[in-house]
Amino acid sequence: MAKLGLHTFAAAPKWDVTTMRALLPKFNEHKVRVLEIPLLDPSEIDVDETRRFLEETGIEPVCSLGLPREIDVVADPEAGLAFLEPAFDVTERIGASALAGVTCGSIGKISGARRTQAEIDGTTRFIAATASRAKAHGLKLGIEPCNRYETHIMNTGADGRHYCEATGAENVFIHLDTYHMHIEEQSYAQGIRDCGQFLGYVHLSESNRAAPGHGTVDFDAVFTALVEVGFNGITTLESMNYVHPAIASALAIWHAVETNPDDVIDVGLPVLHRAAEAAGFVFD
């Protein structure tokens, strides 16, 4: 059975065990089995405290980040690898199996032109190198297609599949996000199909980054497509309710996405459950 996750930006801009512990009754109520922990600054994570919390609760961690705008992985791949190394270390030490997100390029970095073959080739080499580093830590690597305003390098599920195939690394998977799909894909179903065997993780994100049901994403169609392709992994609610300052500008988060912050969990999670149930998508 699939698992339902929650990105911790739903409750706090930084990973905080005390905040998560207070939300355990809601996690149990809504069958939240996975928490996505942002690693924009891995030094902020208390590894021992986090591991104890995860072991006590049985919650599965997934870690994520996005490379900052000043890093150019084509021109200077070593800078990108150096940025990711502490995140791989923390991901491994807290017991997570994957680091996902915008791991193959920089959020908010666009050239103002179509991607060139040199950019495609350089990104492919960087993904291969990054996957090798991840494997050394016993981890899988997720690569997330993002919308055209955040990157010109990888925008769709089909783009992600191209990079996975070109890289040839067995531990790389595509991390889809319905917020980006809403902008870039012909349909949710087509974007999901285009990933093929490489689809490994899905962000369930509203069109305005608010609580599911408070935007225009068709979650019924999303879950129907996931059932169609036999996806049985983790789908995680991601809302930019609270955003780490290191990424707020790159994502153009200028104001609160919900008047009542509790709506992300209290309203959004039930919306996802109803859509999943209607499609026959079963959460563990």
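Each residue of the sequence shown is one higher than the last, beginning at 0 in our numbering.
Note that CB positions come from ideal geometry on N, CA and C, so glycine has one too.
Because the structure is a prediction, the values reported are computed rather than measured.
Count the other CB atoms, across all protein chains shown, that sit within 10 Å of the CB of residue i; report buried if there are 16 or more and exposed otherwise.
i, result
"VAL33", "buried"
"SER63", "buried"
"PRO24", "exposed"
"GLY190", "buried"
"TRP253", "exposed"
"MET153", "buried"
"TYR148", "exposed"
"GLY229", "exposed"
"VAL281", "exposed"
"MET0", "exposed"
"GLY57", "exposed"
"ASP75", "exposed"
"ALA117", "exposed"
"LEU255", "The sequence shown places Ala at residue 255, rather than the Leu named in the question. Exposed: under 16 other Cβ atoms inside 10 Å."
"GLY79", "buried"
Provide the residue span of the alpha helix (DSSP H) that contains residue i, from first to last.
i, result
"VAL221", "218-228"
"LYS13", "From DSSP, LYS13 is part of no alpha helix (DSSP H); its letter is neither H nor E."
"LEU138", "Here LEU138 belongs to no alpha helix (DSSP H), and DSSP marks it neither H nor E."
"CYS163", "156-166"
"ILE191", "187-194"
"ILE252", "No alpha helix (DSSP H) holds ILE252; DSSP gives it neither H nor E."
"LEU23", "23-28"
Considering just the uninterrupted stretch of the beta strand (DSSP E) at residue i, what are its terminal residues?
i, result
"ILE36", "31-37"
"HIS6", "2-6"
"HIS202", "198-203"
"HIS272", "That residue, HIS272, is in no beta strand (DSSP E); its alpha helix (DSSP H) goes 267-278."
"THR235", "233-236"
"HIS174", "171-176"
So, for residue i: in the same chain, excluding its five sequence neighbours on each side, which residues have a beta-carbon less than 8 angstroms away from its beta-carbon?
i, result
"ARG68", "SER105, ILE106, GLY107, LYS108 and ALA249"
"ILE320", "Because the chain spans 0 through 283 in this model, residue 320 falls outside it and cannot be assessed."
"GLU257", "ALA209, ALA210, HIS213, SER238, ASN240 and VAL263"
"PHE8", "PRO37, GLU237, SER238, MET239, ASN240, TYR241, VAL242 and HIS243"
"ALA168", "ILE126, ALA127, ALA130, SER131, LYS134 and LEU140"
Less than 6 angstroms between C-beta atoms, sequence neighbours within five positions excluded: which residues of the same chain meet that for residue i?
i, result
"GLY195", "ARG160"
"GLY100", "SER63, LEU64, GLY65 and GLU143"
"PRO85", "PRO41"
"ALA222", "The sequence shown places Phe at residue 222, rather than the Ala named in the question. Hits under 6 angstroms: ALA274, ALA275, ALA278 and PHE280."
"ALA224", "TYR187, ALA188 and ILE191"
Using a Cβ-Cβ cutoff of less than 7 angstroms, which residues in the same chain neighbour residue i once the five nearest sequence positions on both sides are dropped?
i, result
"GLY146", "Note that residue 146 corresponds to Asn in the displayed sequence, not to Gly. Closer than 7 angstroms at Cβ, skipping near neighbours: ASN154, HIS179, ILE182 and GLU183."
"ALA165", "THR123"
"ASP219", "ALA274, ALA277 and ALA278"
"VAL226", "ALA278, GLY279 and PHE280"
"ARG20", "PHE52"
> Which residue spans inside the segment 68-121 form an unbroken alpha helix (DSSP H) run of at least 4?
Replying inline: 76-92
> Does the segment 35-55 come within contact of the segment 112-119, defined as at least 3 CB pairs closer than 8 angstroms?
Replying inline: no
> Looking at C-beta atoms only, is the number of pairs between the segment 163-179 and the segment 193-212 that lie closer than 8 angstroms three or more?
Replying inline: yes
> Where are the beta strand (DSSP E) runs, 3 residues long or more, that stay fully inside the segment 38-67, in chain order?
Replying inline: 59-66
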